[in-house]
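Before any comments, here is the structure.
There are 2 protein chains.
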Amino acid sequence: MNISITKTTNPKQKPDMNNLGFGTYFTDHMFIMDYTEGKGWHDPRIVPYAPLEMDPASMVLHYGQAIFEGLKAYKAKNGHILLFRPDKNMARVNSSNERLVIPSIDEGFGVQAIKELVNVDSDWIPDAPGTSLYIRPFIIATDPYLGVRPSDTYKFIIILSPVGAYYKEGMNPVKIYVESNYVRAVKGGLGFAKTVANYASSLKAQVEAKHSGYTQVLWLDGIEKKYIEEVGTMNVFFKIDGEVITPSLEGSILPGITRMSTIEMLRKSGIKVTERRITIQELYDAHAAGKLDEAFGTGTAAVISPIGEFNWDGNVISVNGGKIGPVAQNVYDTITGIQSGELEDTFGWTQIVK
Amino acid sequence: MNISITKTTNPKQKPDMNNLGFGTYFTDHMFIMDYTEGKGWHDPRIVPYAPLEMDPASMVLHYGQAIFEGLKAYKAKNGHILLFRPDKNMARVNSSNERLVIPSIDEGFGVQAIKELVNVDSDWIPDAPGTSLYIRPFIIATDPYLGVRPSDTYKFIIILSPVGAYYKEGMNPVKIYVESNYVRAVKGGLGFAKTVANYASSLKAQVEAKHSGYTQVLWLDGIEKKYIEEVGTMNVFFKIDGEVITPSLEGSILPGITRMSTIEMLRKSGIKVTERRITIQELYDAHAAGKLDEAFGTGTAAVISPIGEFNWDGNVISVNGGKIGPVAQNVYDTITGIQSGELEDTFGWTQIVK
Numbered sequence: 001m002n003i004s005i006t007k008t009t010n011p012k013q014k015p016d017m018n019n020l021g022f023g024t025y026f027t028d029h030m031f032i033m034d035y036t037e038g039k040g041w042h043d044p045r046i047v048p049y050a051p052l053e054m055d056p057a058s059m060v061l062h063y064g065q066a067i068f069e070g071l072k073a074y075k076a077k078n079g080h081i082l083l084f085r086p087d088k089n090m091a092r093v094n095s096s097n098e099r100l101v102i103p104s105i106d107e108g109f110g111v112q113a114i115k116e117l118v119n120v121d122s123d124w125i126p127d128a129p130g131t132s133l134y135i136r137p138f139i140i141a142t143d144p145y146l147g148v149r150p151s152d153t154y155k156f157i158i159i160l161s162p163v164g165a166y167y168k169e170g171m172n173p174v175k176i177y178v179e180s181n182y183v184r185a186v187k188g189g190l191g192f193a194k195t196v197a198n199y200a201s202s203l204k205a206q207v208e209a210k211h212s213g214y215t216q217v218l219w220l221d222g223i224e225k226k227y228i229e230e231v232g233t234m235n236v237f238f239k240i241d242g243e244v245i246t247p248s249l250e251g252s253i254l255p256g257i258t259r260m261s262t263i264e265m266l267r268k269s270g271i272k273v274t275e276r277r278i279t280i281q282e283l284y285d286a287h288a289a290g291k292l293d294e295a296f297g298t299g300t301a302a303v304i305s306p307i308g309e310f311n312w313d314g315n316v317i318s319v320n321g322g323k324i325g326p327v328a329q330n331v332y333d334t335i336t337g338i339q340s341g342e343l344e345d346t347f348g349w350t351q352i353v354k
Numbered sequence: 355m356n357i358s359i360t361k362t363t364n365p366k367q368k369p370d371m372n373n374l375g376f377g378t379y380f381t382d383h384m385f386i387m388d389y390t391e392g393k394g395w396h397d398p399r400i401v402p403y404a405p406l407e408m409d410p411a412s413m414v415l416h417y418g419q420a421i422f423e424g425l426k427a428y429k430a431k432n433g434h435i436l437l438f439r440p441d442k443n444m445a446r447v448n449s450s451n452e453r454l455v456i457p458s459i460d461e462g463f464g465v466q467a468i469k470e471l472v473n474v475d476s477d478w479i480p481d482a483p484g485t486s487l488y489i490r491p492f493i494i495a496t497d498p499y500l501g502v503r504p505s506d507t508y509k510f511i512i513i514l515s516p517v518g519a520y521y522k523e524g525m526n527p528v529k530i531y532v533e534s535n536y537v538r539a540v541k542g543g544l545g546f547a548k549t550v551a552n553y554a555s556s557l558k559a560q561v562e563a564k565h566s567g568y569t570q571v572l573w574l575d576g577i578e579k580k581y582i583e584e585v586g587t588m589n590v591f592f593k594i595d596g597e598v599i600t601p602s603l604e605g606s607i608l609p610g611i612t613r614m615s616t617i618e619m620l621r622k623s624g625i626k627v628t629e630r631r632i633t634i635q636e637l638y639d640a641h642a643a644g645k646l647d648e649a650f651g652t653g654t655a656a657v658i659s660p661i662g663e664f665n666w667d668g669n670v671i672s673v674n675g676g677k678i679g680p681v682a683q684n685v686y687d688t689i690t691g692i693q694s695g696e697l698e699d700t701f702g703w704t705q706i707v708k
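As given, the protein sequences belong to chains B and E, one line each in that order.
Position 178 of the first sequence, counting from 1, maps to 178 under our numbering, and the rest follow consecutively.
Position 341 of the second sequence, counting from 1, maps to 695 under our numbering, and the rest follow consecutively.
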């Protein structure tokens with residue numbers, strides 16, 4: 001399919017590229033492709049960024065049939081625009097689609113659409129250290145219909161947002177509240193899919209944790225409330241007794257692409273990484289035995305978020321003296337170095353936009 | 355607050371009122387009210403039904419922060435327009451809002467908004483037996499922002515859809531597939547809230563059940579997969595050994611208003627109704643002992659949906675010879691009679707629009 005391009009005749013004024021924050025500003029263009037039952041995905045186009053005209057009965061507004069992705073484009077020093085593993089995001093689109101009964105997309109074409117859109121808006125990519133162009137592909141159900149069933153029509157949309165450095169003032173470890181009340185997801189639910197429902201479910205726990213002075217929550221499994229799942233909107237890793245451990249994907253955990261990259265990178269550098277179920281009690285026991293060396297989250301927004309403190313039902317433990325540890329620092333430096341083109345990409349993770 | 359009214363200058367052609375189906379046609383007007391942090395809910399208005407202009411970054415499209423309700427208006431033979439317990443729907447709006455971190459609404463004002471909108475579009479209310487005007491209030495998060503946090507802006511919208519008789523060809527009991535794989539919700543999640551996430555989660559199970567020749571699924575609890583929760587988009591009741599049993603609300607089940615009304619009505623008529631946890635095994639044991647007399651679902655769309663067959667992992671049982679039983683028939687006749695004004699409302703359930 002050819003992607004038609006209609007350029008804006010009224011470009012926006014660019015924001016202060018030194019004060020971008022996250023997800024607040026959007027570029028001049030967006031990608032849209034429609035799906036109609038019987039006709040398939042059609043009419044891919046890059047058009048000026050503008051409000052969508054949505055029927056108030058659009059199914060996404062009522063039954064949440066929607067999925068999304070998040071990845072970043074980086075401007076390398078040599079002028080190249082780099083994407084980080086966009087093929088993995090497009091594969092996850094189809095995994096999420098399958099669970100939400102949304103028709104699958106052509107993954108290669110999805111990557112092509114991202115590249116063409118980023119290219120059209122390439123002057124929106126910030127180039128200060130740590131900054132990037134956040135890419136948000138998403139699919140929404142658009143039938144104007146109030147019965148509960150999968151929609152017959154969808155829109156696949158990509159929007160772009162220039163984002164600032166996540167760690168402007170250094171990588172200060174975060175304080176994490178272990179959530180014993182609310183549940184994010186269980187096996188048989190939507191936890192492994194990148195879908196709107198999981199985020200809706202997380203808001204209340206997040207707000208309550210913030211009120212108590214914590215940055216994020218650590219989710220426990222919804223069945224026994226003892227196994228560690230993920231932290232806020234990130235996957236989570238622990239270094240215990242020289243071994244790096246991350247919860248295995250059991251159907252309720254998002255299979256993060258930064259998670260996958262962290263595992264691959266650490267293993268290549270000779271560090272033992274184990275994917276298995278791990279209880280919050282084991283984490284606390286390891287701490288009591290002096291063996292919990294590091295804890296950190298992984299995700300697209302922050303890449304790595306070191307964890308300095310946990311609060312589990314009032315029992316507070318500090319990790320690595322509240323400072324970032326060497327494994328987290330190494331993962332951060334390596335992945336961000338590859339993403340920004342400052343380190344050689346020996347993994348074949350990056351793709352050049354053009 | 356006064357509700358401003360802007361009437362359409364271009365009324366739609368009305369659909370064939372004898373072939374309405376469910377949720378397909380929408381009336382000439384809708385109600386909208388905005389929320390802005392610091393300003394509260396404001397600018398309530400009835401305007402022509404039209405597409406919403408939504409920023410592609412609107413939070414509802416990405417993080418599913420949204421809730422909805424469903425109720426019906428009926429045209430009584432004496433010309434009155436009746437609503438069925440709209441105060442209960444508005445109370446549930448606030449219960450759902452609280453879980454989704456959406457600011458609460460004034461419940462009385464919500465009922466007033468419904469009444470004014472229904473009144474403006476009163477010529478859309480069908481009057482054939484079993485038909486009604488379906489009312490869909492919903493709230494969506496509208497901040498154009500990609501960070502995961504509660505929105506600072508919302509829209510509360512009400513749309514109306516004339517709907518046909520649910521049972522055009524008699525109340526034929528449905529076949530129900532007992533779902534052992536997918537999970538709708540668990541305690542600590544969103545199950546008790548009327549929010550988009552629960553419906554997104556249900557689609558795949560529903561499609562698979564349909565492919566196997568079943569109308570809906572019976573959800574089991576997500577923890578032990580043994581307790582009965584609800585059926586499809588309805589609550590569920592069983593008559594076992596002369597007693598009517600419905601699963602107790604444990605945080606994962608929607609507190610249905612038809613469920614509440616069924617319990618109140620049956621108790622008033624002297625039938626013992628017990629709200630408690632009940633396992634699927636108990637249901638099958640009761641059937642084996644010849645004591646499972648009836649099974650039926652309750653919900654706004656169908657009011658009562660008798661169940662004639664269950665399939666639990668290949669074990670098929672038939673209920674009441676696949677026919678509707680006297681309790682279900684009595685509940686249906688009483689509630690629909692009160693809703694449509696044909697029976698005296700000794701409960702004080704109905705409200706007259708004007």
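Beta carbons: idealized from backbone N, C-alpha and C, even for Gly.
All of these numbers come straight from a predicted model, not from anything done at the bench.
Taking a contact to require three or more Cβ pairs closer than 8 Å, the segment 550-564 of chain E and the segment 95-103 of chain B qualify as touching. Taking 9 Å as the cut-off, the beta carbon of E/Arg-631 is found no closer than this to the beta carbon of E/Gly-576. For the options B/Met-54, B/Ala-113, B/Phe-26, the alpha carbon positioned closest to that of B/Met-1 is the one of B/Ala-113.
In the three-state reduction of the DSSP assignment, B/Glu-344 falls in the coil class, being assigned neither a helical nor a strand state.
Residue range 303-312 is occupied by the beta strand (DSSP E) that includes B/Asn-311.
Of all alpha-carbon atoms in E/Tyr-581, E/Ile-479, E/Gly-653, the one lying nearest the alpha-carbon of E/Tyr-379 is that of E/Ile-479.
Exclusion of the five residues before and after E/Leu-374 leaves Pro-516, Val-517, Gly-518 as the residues of its chain whose Cβ lies within less than 6 Å of its Cβ. Put simply, of E/Val-681, E/Asn-589, E/Val-532, E/Thr-700 the residue whose alpha carbon is nearest the alpha carbon of E/Tyr-568 is E/Val-532.
Within chain B, the residues placing a beta-carbon under 7 Å from that of E/Asp-409 are Pro-51, ordered along the chain.
In the DSSP assignment, E/Gly-462 falls within the alpha helix (DSSP H) that extends over 461-474. DSSP places E/Asn-669 in no alpha helix (DSSP H) but in the uninterrupted beta strand (DSSP E) bounded by 669-672.
Under the Cβ distance rule, E/Ile-611 does not count among the residues neighbouring chain B, no pair being separated by less than 9 Å.
For E/Ser-515, the chain B residues whose Cβ falls inside 9 Å of its Cβ are Ala-57, Leu-146, in order along the chain. Note on geometry: alpha-carbon atoms of E/Glu-636 and B/His-29 lie some 58 Å from one another. Residue pairing by DSSP places E/Pro-516 opposite E/Leu-487 in a beta bridge. Here the alpha carbons of B/Lys-354 and B/Asn-78 stand approximately 13 Å from one another. The three-state reading of DSSP puts B/Val-183 in coil, since its state is none of H, G, I, E or B.
Judged by DSSP secondary structure, E/His-434 falls outside any beta strand (DSSP E); it is assigned neither H nor E. If you draw a straight line from the Cα of B/Phe-310 to the Cα of B/Asn-181, it comes to about 16 Å. Per DSSP, reduced to three states, the secondary structure at B/Trp-41 is strand. Of the residues E/Ala-547, E/Gly-462, E/Tyr-553, the one whose Cα lies closest to the Cα of B/Leu-190 is E/Tyr-553. Contact annotation: the segment 265-280 of chain B touches the segment 244-254 of chain B, with at least three C-beta pairs closer than 8 Å.
Per DSSP, the unbroken beta strand (DSSP E) holding E/Ile-706 starts and ends at 704-706. In summary, B/Ala-289 is exposed, with fewer than 16 beta-carbon neighbours lying within 10 Å of its beta-carbon over all protein chains present. Taken through DSSP and simplified to helix, strand or coil, E/Lys-677 comes out as coil.
Distance from the CA of B/Thr-9 to the CA of B/Val-120, rounded to the nearest whole angstrom, comes to 13 Å. For B/Gln-339, no pairing in a beta bridge is given by DSSP. Annotated three-state conformation of B/Ala-141 is strand, per DSSP. When CB distances to chain E are screened at a threshold of 7 Å, the residues of the segment 62-94 of chain B falling below it are His-62, Tyr-63, Gly-64, Gln-65, Ala-66, Phe-68, in chain order. Using a CB distance below 7 Å, the part of the segment 215-249 of chain B facing chain E consists of Gly-222, Ile-223, Thr-233, ordered along the chain. The three-state reading of DSSP puts B/Val-47 in strand, counting E and B together. Within the same chain, and ignoring the five residues on either side of B/Trp-41 in sequence, the residues whose Cβ sits closer than 6 Å to its Cβ are Met-33, Tyr-35. Under the 9 Å criterion on CB atoms, E/Gln-367 is classed as non-interfacial with respect to chain B. The C-alpha of E/Phe-546 is placed about 6 Å away from the C-alpha of E/Pro-609. In the displayed model, E/Gln-570 falls within a strand according to three-state DSSP.
Note on geometry: alpha-carbon atoms of B/Met-234 and B/Pro-306 lie some 11 Å from one another.
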